[in-house]
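**Student:** Here it is: the structure, laid out below.
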Amino acid sequence: MASKQSIRLGTVPETLLVPLYARAVESRRKHPILEDSRALGMVESIDWDFRRFNQRLRVIGCTLRSAMFDEWVKRFLGSHPEGTVVEIGCGLNTRFERLDRFDLDLPEVVELRRKFFTDTGRRTTLAASVLDTDWMATVLQSPGPYFLVAETVLVYLQELEVKTALAQIAERFPCANIAFDTISGRAVKGGNRDHARRHLDARFAWACADPKEIEGWNIGLRLVESRTLANVPEPLNSRLSFPVRTTFDVVGKLFPELMKVYQLNLFAGQSACFSAPGQEGA
């Protein structure tokens, strides 16, 4: 048996291992929400105690979140196959296996990622923080329009840092869409307690109860669409087991505000070429 990869990651970068493990566990199921054979291989080769995250609800949440982001990106590329996708905080995500893109993450994460992934003509990996601006010039050398994804990234930043990052993106990519998730103050507190129980040092920092408030920051972004786990689109919804689908549906109808503690949001720049379903612009 080949020796496992020993890894050393900082506080926030370590969280990339949670969704990696979730995708691997889900891929072993007979009818998975998302299939990811690469995740299986990486989990088997990384020397890390994944067992503390072996919780079915966590697995469903992580894989469903990734699959819902995938749907937005695929819709964008369906209308604009010449466009460029940027994965902010790529971690060990395997979205590239289905899509063309730039991958952006902190240097220590990129170092780990390059043990498993090689750059190609379709994929470029950039070592940088979302708060930097140098990476933007590199991306702008590729053809637009642009679609940026920040899956569970901004929630670890302070609100001022989130405003700075989004303002910089909106200024340099006016013809772009950006998709990212938000969590409420209740979810921040609950998530941080859960991280502590599972011996993760990372803590959520940015709480956003209503994504519509971001339009009020006047940085050139408008909200196109928000989703919760109570309105999972097809065909993803049909991949959920009947008990899970029923639970999401019932909770969503009885306690709609509770489901809004976690939301996936699609924003458009001032001249974005892609918006809500069926409303794509030229």
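Taking the numbering used here, I'd label the letters of the sequence shown as residues 815 to 1096.
Note that the Cβ used here is the ideal one computed from N, Cα and C, for glycine as well.
Helix, strand or coil: how does DSSP classify Asp917 here?
**Tutor:** Residue 917 sits at position 103 when you count from the first residue of the sequence shown. Strand at Asp917.
**Student:** Around the Cβ of His894, are there at least 16 other Cβ atoms within 10 angstroms (buried) or fewer (exposed)?
**Tutor:** In the sequence shown, the residue the question calls residue 894 occupies position 80. Buried, by the Cβ-count rule.
**Student:** Under a Cβ-count criterion, where at least 16 other Cβ atoms within 10 Å of its own Cβ denotes burial, should Ala964 be classed as buried or exposed?
**Tutor:** Start at 1 with the first residue of the sequence shown, and residue 964 comes out as number 150. Counting Cβ neighbours within 10 Å, Ala964 comes out buried, since at least 16 surround it.
**Student:** Select from Leu1080, Phe1018, Leu918, Asp948 the residue whose C-alpha is nearest the C-alpha of Ser998.
**Tutor:** Working through the sequence shown from its first residue, we reach residue 998 at position 184. Nearest option by C-alpha distance: Phe1018.
**Student:** Starting from the C-beta of Cys904, find all residues in its chain whose C-beta is less than 8 Å away, skip the five residues before and the five after it, and write them out in chain order.
**Tutor:** Within the sequence shown, numbered from 1, the residue matching residue 904 stands at position 90. So the qualifying residues of the chain are Asp917, Leu918, Asp919, Val923, Arg927, Thr939.
**Student:** By the DSSP assignment, the beta strand (DSSP E) with Ala1085 in it spans what residues?
**Tutor:** Translated into positions along the sequence shown, residue 1085 becomes position 271. One detail in the question is off: residue 1085 reads as Ser in this sequence, not Ala. From DSSP, Ser1085 is part of no beta strand (DSSP E); its letter is neither H nor E.
**Student:** Which residue wins for smallest C-alpha separation from Ile1028, given the options Arg842, Met882, Ile860, Leu974?
**Tutor:** Along the sequence shown, one-based indexing puts residue 1028 at 214. Nearest C-alpha to Ile1028: Leu974.
**Student:** In or out: Lys1074 buried (at least 16 other Cβ within 10 Å) or exposed?
**Tutor:** As a first step, residue 1074 must be located in the sequence shown, where it is residue number 260. Burial call: buried.
**Student:** By Cβ distance below 8 Å, which residues in the same chain neighbour Val857 in space, the five residues on each side in sequence not counted?
**Tutor:** Along the sequence shown, read from residue 1 onward, the residue named residue 857 stands at position 43. If we look at Val857 and ignore the five residues flanking it on each side, its Cβ neighbours are Leu834, Tyr835, Ala838, Phe864.
**Student:** Taking contact to mean 3 or more Cβ pairs, one atom from each stretch, closer than 8 Å, check whether the segment 1063–1083 and the segment 1032–1047 are in contact.
**Tutor:** Yes: the two stretches touch, three or more of their Cβ pairs being nearer than 8 Å.
**Student:** Taking DSSP's pairing of strands, which residues face Ala941 in a bridge?
**Tutor:** Sequence index remark: in the sequence shown, residue 941 carries index 127 (1-based). In the DSSP output, where bridge partners are listed per residue, Ala941 has Asp919.
**Student:** Where does Gln869 sit, in a helix, a strand or coil, going by DSSP?
**Tutor:** Counting from one through the sequence shown, the residue named residue 869 turns up at place 55. Reduced to three states, the DSSP call for Gln869 is coil.
**Student:** How would you write the range of the beta strand (DSSP E) that Thr825 sits in, first residue to last?
**Tutor:** Here residue 825 corresponds to residue number 11 of the sequence shown, with the count starting at 1. Where Thr825 is concerned, there is no enclosing beta strand (DSSP E), given that its DSSP letter is neither H nor E.
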